[in-house]
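Trainee: Take 112 as the starting number for the sequence shown in our numbering and just add one per residue. Here a beta-carbon is modelled for each residue, glycine too, at the ideal position from N, C-alpha and C. Pasting in a structure now, in C-alpha cells, and then I'll have a few things to ask.
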Amino acid sequence: MSRVAAAGCLKLSQEQATFIAFASGAVATLGANLKSLQVLSANEKNLLREWLNRISAST
Numbered sequence: 112m113s114r115v116a117a118a119g120c121l122k123l124s125q126e127q128a129t130f131i132a133f134a135s136g137a138v139a140t141l142g143a144n145l146k147s148l149q150v151l152s153a154n155e156k157n158l159l160r161e162w163l164n165r166i167s168a169s170t
C-alpha cells in the first residue's frame, strides 16, 4: 500500500503513513530473509522481537 493510499484510507498523517510504509518494508525484508535469522544469537533475537513489538505498539 502506498503512503498516499494509507493516508487516504486510514486518515493518517504523512509521518504515520511514511512510518507504516517503512515498517512494512522492514517486515517484508525480514520475511524474505528468515533463513538468515537462524544464525542470530538469542540476544539478537530478543532485540529484534523487542523492536518489532515497539513497531506494532506504535501503529
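Report back the beta-carbon spacing between Ala-134 and Ile-166 to the nearest angstrom; my notes put them in contact at under 8 Å.
Mentor: As a working note, residue 134 is residue 23 in the sequence shown. As a working note, residue 166 is residue 55 in the sequence shown. At roughly 5 Å, the Cβ-Cβ gap stays under 8 Å, so Ala-134 and Ile-166 are in contact.
Trainee: Could you have a look at Ser-236 and say whether DSSP puts it in helix, strand or coil?
Mentor: Because the chain in this structure spans residues 112 to 170, residue 236 falls outside the shown range and cannot be described.
Trainee: Which term fits Ala-128, buried or exposed, when burial requires 16 or more other beta carbons within 10 angstroms of its beta carbon?
Mentor: In the sequence shown, counting from the first residue as 1, residue 128 sits at position 17. It is buried - the Cβ of Ala-128 has at least 16 other Cβ atoms within 10 Å.
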